[in-house]
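Inspection log for the structure reproduced underneath, given as structure tokens.
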Amino acid sequence: MDNLQWLDPFDMHYHFPDVSEALTEPDGLLAAGGDLSAERIMKAYRCGIFPWYSDGQPILWWSPDPRLVLYPEKLKISRSLRKRLRQQEFSITINRSFTEVIEACSQSRDADSGTWITEDMKQAYIHLHQLGHAHSVEAWKDGKLVGGLYGIASGQVFFGESMFTRETDASKVAFAHFVQWLQQRDFKLIDCQVESAHLISLGAENISREAFVKKLSSLCDVQKNAGQLNDFSGKEIK
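In this text, residue positions in the sequence shown follow the working numbering: the first is 551, and each later residue adds one.
Take a look at the structure:
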């Protein structure tokens, strides 16, 4: 990382390098350092950048190319998932238990590989939730939290961060309901960051980083929709 640009934690303008300067190996690594202030993190998302690092590393900032996204209207619901949705086994809520969701996501990784959701990251996103930027979606069964996901909303974009499940298909059901709910409220794009077979199966697709950043420049400027998630805090959405 000798040639990597280091961010000044005291820079109150929260400057980032242009995403075109990101490394190709490792793919998308753009900068290091800075801080996890709410202002810097939100600036990063609106520029197509996100933090991702492990304990013992400096804060690392990424903007991979291509970028995995899901257009809400292109959500694919398989026959098996459609069956689970009809069974109504889970109740799905928004922002009822953000801290518990991010804690569960941080514990859902392989114990040997560690987690990128460090304690500092958890506290930063809990603060973003308190400010109305970060949101959780929960799946409940018999009064217990059994799956969910969290991310950042800005304008008409939802930036997905992580999900977990303790019951088969719980997070898939939560995600499917949430995507449909977002579509009804005119959200245009869901950022899935990097390719995974699971998200591809749900309709996500790769687009170029250039196209992604161009979409953000207009979609993140629409301020009315992100607040709608707060309006439904704690409520069941199906």
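The beta carbon of each residue, even a glycine, is placed where N, CA and C say it ideally should be. The structure displayed is predicted, hence computed values, not measured ones.
Beta bridge counterpart(s) of residue i as assigned by DSSP
i: Pro-601; result: Trp-611
i: Ile-757; result: Arg-617
i: Glu-623; result: According to DSSP, which records beta bridges pairwise, Glu-623 is partnered with nothing at all.
i: Ser-704; result: Val-707
i: Leu-739; result: Val-707
i: Val-687; result: Ile-644, Leu-699
i: Gly-682; result: In DSSP, Gly-682 forms no bridge with anything.
i: Leu-579; result: Trp-612
i: Phe-714; result: Gly-698
Sequence-distant residues of its chain with Cβ nearer than 8 Å to residue i (five each side left out)
i: Val-772; result: Gly-705, Gln-706
i: Ile-676; result: Phe-648, Thr-649, Ile-652, Ala-684
i: Pro-614; result: Ala-572, Asp-577, Gly-578, Gln-743, Val-744, Arg-759
i: Pro-559; result: Gly-583, Gly-584, Asp-585
CB-CB length for residue i against residue j, believed under 8 Å
i: Ala-581; j: Gln-555; result: 5 Å
i: Gly-693; j: Ala-724; result: Wrong, their Cβ atoms sit about 16 Å apart, outside the cutoff.
i: Ile-644; j: Lys-785; result: 6 Å
i: Ile-667; j: Cys-655; result: 6 Å
i: Glu-711; j: Arg-646; result: Their Cβ separation, rounded to whole angstroms, is 17 Å, which puts Glu-711 and Arg-646 out of contact at 8 Å.
Residue i in three-state terms, based on DSSP
i: Met-562; result: coil
i: Ala-572; result: coil
i: Thr-649; result: helix
i: Ser-721; result: helix
i: Lys-788; result: coil
i: Leu-635; result: helix
i: Leu-557; result: strand
i: Cys-655; result: helix
i: Glu-669; result: helix
i: Leu-752; result: coil
i: Asp-692; result: coil
6 Å CB neighbourhood of residue i in its chain, flanking five on each side removed
i: Trp-731; result: Ile-787
i: Met-713; result: Leu-699, Ser-721
i: Gln-548; result: The requested residue 548 is not part of the displayed model; the chain covers only 551 to 788.
Contact set for residue i: own chain, Cβ-Cβ below 7 Å, skip 5 residues either direction
i: Arg-716; result: Val-696, Gly-697
i: Gln-733; result: Pro-622, Glu-623
Any non-hydrogen atom of the ligand COA within 6 Å of residue i CB
i: Tyr-603; result: Summarising the ligand content, the structure contains no ligands, and the ligand COA is consequently not present.
Proximity test, Cβ basis, 7 Å: residue i and chain C
i: Ala-572; result: No chain C is part of this structure, which consists of one protein chain only.
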